[in-house]
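The structure appears below as structure tokens.
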Ligand SMILES: [Ca+2]
Ligand SMILES: [Ca+2]
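In my numbering, the protein residues as written are 1 to 94.
Printed below as a string of structure tokens:
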């Protein structure tokens with residue numbers, strides 16, 4: 001198999017990150033990210049983008065079905081939101 005492109009590798013990392021934190025010790029459901037698991041993800045993976053400071057805001061705004069956890073679709077919305085923030089920040093730097 002050929003080496004993945006940077007974008008393919010990035011997508012695999014994003015998916016792998018969901019699987020890793022969803023199956024953390026925050027709850028017993030490996031298919032969703034609990035608030036505790038999200039706190040750990042923010043602290044370890046996104047410390048330069050606000051880290052745990054964003055916890056309440058992200059959970060409140062991304063938990064579309066209001067079950068107190070993030071499923072994969074809701075996690076994808078977080079990635080999209082963060083990508084848009086990065087895009088806007090880069091535009092302001094130009
Ligand atoms: Ca979980
Ligand atoms: Ca949810």
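Glycine included, each C-beta is placed from N, C-alpha and C at the ideal position. Fair warning: this is a prediction, and the values are worked out from it, not measured in the lab.
Check: Is the number of C-beta pairs between the stretch 61-72 and the stretch 22-34 that are closer than 8 Å three or more?; Outcome: yes
Check: Would you list the one or two residues that DSSP bridges to residue 33?; Outcome: 70
Check: Nearest by alpha-carbon distance to residue 11: which of 75, 89 and 91 is it?; Outcome: 75
Check: May I ask you to report which of helix, strand or coil DSSP gives residue 84?; Outcome: helix
Check: Just the Cα atoms here: how many angstroms apart are residue 20 and residue 77?; Outcome: 18 Å
Check: With residue 14 as the anchor, note down where its alpha helix (DSSP H) starts and where it stops.; Outcome: 6-22
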